[in-house]
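Read in order, the letters of the sequence shown correspond to residues 1 to 617 in our numbering.
The beta carbon of each residue, even a glycine, is placed where N, CA and C say it ideally should be.
One structure below.
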Amino acid sequence: MPTPPEDRELSPYTGWTRAHWERTADRLLLAVRPHASPRGGRIDLPGPRPSWSGPRSDGLEGFARTFLLAALRVAGARGEDPHGHLDRYAAGLAAGTLAPGADGDPDAWPTTTGTRQAVVESASVALGLRLTRPWLWDRLDDRTRQRAADWLLPALAPSPVDNNWWLFGLTIAGFLRDAGIETDRAAATADRSLARIEDWYLGDGWYSDGDNRAFDHYNSWALHLYPVLHAHLAGDRELLDRYGPRLRAHLADHAHLFDTSGAPVPYGRSLVYRFAAAAAPWLGALTGHTPLTPGTTRRLASGSLRYFLDRGATDGRGLLTLGWHGPHPPLVQAYSGPASPYWASKGFLGLLLPPDHPVWTAPEEPLPAERADTVRPLGPTGLLVQTTAADGLVRLHNHGSNHVAAGGPGGDDPGYARFAYATRTGPTGAPDPADNHFALLRPDGTATDRGPAAPLPGGPDRAVSAHTPLPGVRVVSATLARGRAELRAHLVLGAPEGTPVRQTGWAVPDAPGAPASQLHPVHGYGPEVTALPTGATLQGPAPTRTPAVHGATRGPAALFVALASLTGETAPAPAAALAEVEVAEGPELRVRWGDGAVTRLTLPGTAGPTTPSPGPA
1 MPTPPEDREL
11 SPYTGWTRAH
21 WERTADRLLL
31 AVRPHASPRG
41 GRIDLPGPRP
51 SWSGPRSDGL
61 EGFARTFLLA
71 ALRVAGARGE
81 DPHGHLDRYA
91 AGLAAGTLAP
101 GADGDPDAWP
111 TTTGTRQAVV
121 ESASVALGLR
131 LTRPWLWDRL
141 DDRTRQRAAD
151 WLLPALAPSP
161 VDNNWWLFGL
171 TIAGFLRDAG
181 IETDRAAATA
191 DRSLARIEDW
201 YLGDGWYSDG
211 DNRAFDHYNS
221 WALHLYPVLH
231 AHLAGDRELL
241 DRYGPRLRAH
251 LADHAHLFDT
261 SGAPVPYGRS
271 LVYRFAAAAA
281 PWLGALTGHT
291 PLTPGTTRRL
301 ASGSLRYFLD
311 RGATDGRGLL
321 TLGWHGPHPP
331 LVQAYSGPAS
341 PYWASKGFLG
351 LLLPPDHPVW
361 TAPEEPLPAE
371 RADTVRPLGP
381 TGLLVQTTAA
391 DGLVRLHNHG
401 SNHVAAGGPG
411 GDDPGYARFA
421 YATRTGPTGA
431 PDPADNHFAL
441 LRPDGTATDR
451 GPAAPLPGGP
461 DRAVSAHTPL
471 PGVRVVSATL
481 ARGRAELRAH
491 LVLGAPEGTP
501 VRQTGWAVPD
511 APGAPASQLH
521 PVHGYGPEVT
531 ALPTGATLQG
541 PAPTRTPAVH
551 GATRGPAALF
561 VALASLTGET
571 APAPAAALAE
581 VEVAEGPELR
591 VRWGDGAVTR
601 LTLPGTAGPT
611 TPSPGPA
């Protein structure tokens, strides 16, 4: 399959055109064909281990998620299907639904009542059928349609998981209503699903993924995607008027999370979905609910897809791997199997826009991270994004996003519990020391977890939170950002006198082209900066080193302040030159930045709860 020529006049940043997207979709689909079951009901991809749902569910996942990609490819071409993708999936649909749950049948799908993960995959099947209805569903025989409907219908029940899973029922309901199947029941499911996620909408374009203050890329590839796309496909103006402005508000923040390289910030879970993070920008262009110009939208999406493909997201067989660049087992959740990365198919949503749409014909424009230095709070999340135009690097400071497992028996989740994330480093994983972490050190030298972080009032250049690393000990933390500089302050309340503490910085490899990681003690720490050996991260297999400073508590309220920096600049000035910090009673910090600007920060010692509601398991 020949590679289309790059067009650096139309796409000066990525060189890519719609033809590159179509070719990539076809290559991904052709690569999975050798792994189909005898009649195509399942696609059983090779991998290091099955998911916790088992091989049969994983085979359904391989079918459903690649079918969604085929649906976007063919629907975007208005039914043209030169590689015969839909014929294969039509045959697989018939085989998979012939005897769901049957033992010994290599094509049989699990039932949506017997395997929870099948509910997730049924949404991709339903959405694929909805997108391709004239070319697939309407051409099936009546018995196959009935069996497929019978398999889908149980997934209209209330969600078995109290988070974004509610939107799978919405998606299935949308297809069934279009197809005239159990329309009243489908309508009730849609209403119930949308009512549930309303409890998690916190404003300014941000949903929590359940009752747990979990903010991550699920906002893009699930919580905005399903309601807005459903409203668009249904032609429901009332729903679009409700959810479209929320998407617009979210994209105003979301666009700042992409590096000049195209990388989105790796934070949260399910990062193996990679360029699915481009789903919401495409959806904004599709529905008109976006603050981004067409050229910026394509530059973001093409940059993200190229970023991963250029860095080994697919293996020698052309299959998406379980990782970020290449395979990275510490990144993978137990619910993910070999086919899970194909939820990245959502990143191809732009193919639904016709070739003459401005998103394909307008010249690419720079990303927000390339235009100007930015420090921006992300709505009510407790997240603070910091970008620098000189290197196009993006950092995300976390003072309020938590996973349901944070602080639980398994310890901190590295995708949620770090104080900072960036597009070119980390995070480190156990048993290595945590990067971007503030900890009390136990007598055996082990570090405390952060646990859930409760956001406190911040500001346009700062984020503030509190957490409880040990019973009876409270830590109030703040990050101030300007340019590439980060001031990290922690007020430790109630710790025994002389308790050792440690602040770590950004983990980076000692390799050419790696960003520079700097950490400078300002107050409360000793003068020495040590380099902790840390292993590979999702950025690649090279071992890393993480700077650290150490101190010890003095009195019932002990203040610790450091300056940190992560930069792609060549030979950057040391972190000590980025700001002068004066500490006064309060405690209050007066910060004179390198550009002469002056900022004040007072750390609250008593305000606010220390932990939010942990939410559902």
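Own chain partners of H83 with C-beta closer than 8 Å, once the 5 adjacent residues on each side are dropped: D26, L29 and L30
Contacting residues, own chain, Cβ-Cβ under 7 Å from H20 (five flanking each side not counted): P4
Alpha-carbon to alpha-carbon, T537 and P572: 24 Å
Through-space distance from R554 to N219, alpha-carbon basis: 42 Å
Beta-carbon proximity of S11 to E364, cut-off 8 Å: yes
Contact the segment 278-285 vs the segment 306-318: 3+ CB pairs below 8 Å: no
CA-to-CA distance, D162 to D199, given in whole angstroms: 11 Å
Helix, strand or coil at Q146 according to DSSP, with G and I counted as helix: helix
Residues bridged to E364 (per DSSP): Paired residue(s): none; E364 is not in a bridge.
Cβ pair count under 8 Å reaching 3, the segment 350-369 against the segment 291-304: yes
Y421, DSSP secondary structure in three states: strand
Bridge-paired residues (DSSP) for G43: Just to set this straight, residue 43 is Ile in the shown sequence, not Gly. In the DSSP output, where bridge partners are listed per residue, I43 has A36.
Three-way DSSP call (helix, strand, coil) for Y243 in this model: helix
Contacts around Y335, its chain only, beta-carbon distance under 8 Å, and the 5 residues preceding and following it disregarded: S51, W52, S53 and Q117
Rounded distance between the beta-carbons of S465 and G400, thought under 8 Å: 6 Å
Among G235, P414, R600 and D178, the one whose alpha carbon lies nearest that of G586: R600
Same chain, Cβ closer than 7 Å to P358, neighbours up to 5 away in sequence not counted: P294
Option nearest I181 by Cα separation, candidates E121, Y201 and R147: R147
Neighbourhood of G408 by C-beta distance below 6 Å, restricted to the same chain and skipping five residues each side: At G408 the pLDDT is 41, less than 50, meaning the model places this residue with poor confidence and gives no usable figure here.
The alpha helix (DSSP H) enclosing A558, as first and last residue numbers: Element bounds for A558: not the alpha helix (DSSP H) but the beta strand (DSSP E), A557 to T567.
Proximity below 8 Å, CB of L589 to CB of V598: no
Distance between beta carbons of R42 and G96, contact taken as under 8 Å: 7 Å
N-terminal and C-terminal residue of the alpha helix (DSSP H) that L378 is part of: L378 -> no alpha helix (DSSP H), and no H or E assigned at all.
Assigned exposure category for R484 - 16 Cβ within 10 Å defines buried: buried
L223 to K346 span [Cα, whole Å]: 13 Å
Sequence ranges, beta strand (DSSP E) only - wholly within the segment 421-508, length at least 3: 438-440, 454-459, 462-470, 473-482, 485-493 and 500-504
Cβ separation of F438 and Q503, assumed to be a contact under 8 Å, to the nearest whole Å: 5 Å
Inter-residue spacing [alpha-carbon to alpha-carbon] between A187 and R177: 7 Å
D150 versus D435: straight-line alpha-carbon distance, rounded: 49 Å
E518 (DSSP reduced to helix, strand or coil): Here residue 518 is Gln; the residue named in the question, Glu, does not match the sequence. Note: Q518 maps to strand in three-state DSSP.
Length of the line joining the Cα atoms of P355 and Y13: 19 Å
Same chain only: Cβ atoms within 7 Å of R130, ignoring 5 sequence neighbours per side: G174, F175, D178 and L233
Burial state of G392 (16 or more Cβ within 10 Å): buried
Beta-carbon proximity check, S122 vs I197, cutoff 8 Å: no
Identified DSSP bridge partners for L225: Answer is none; L225 lacks a bridge partner.
Residue range of the alpha helix (DSSP H) that includes A579: Not the alpha helix (DSSP H): A579 falls in the beta strand (DSSP E), residues A579 to A584.
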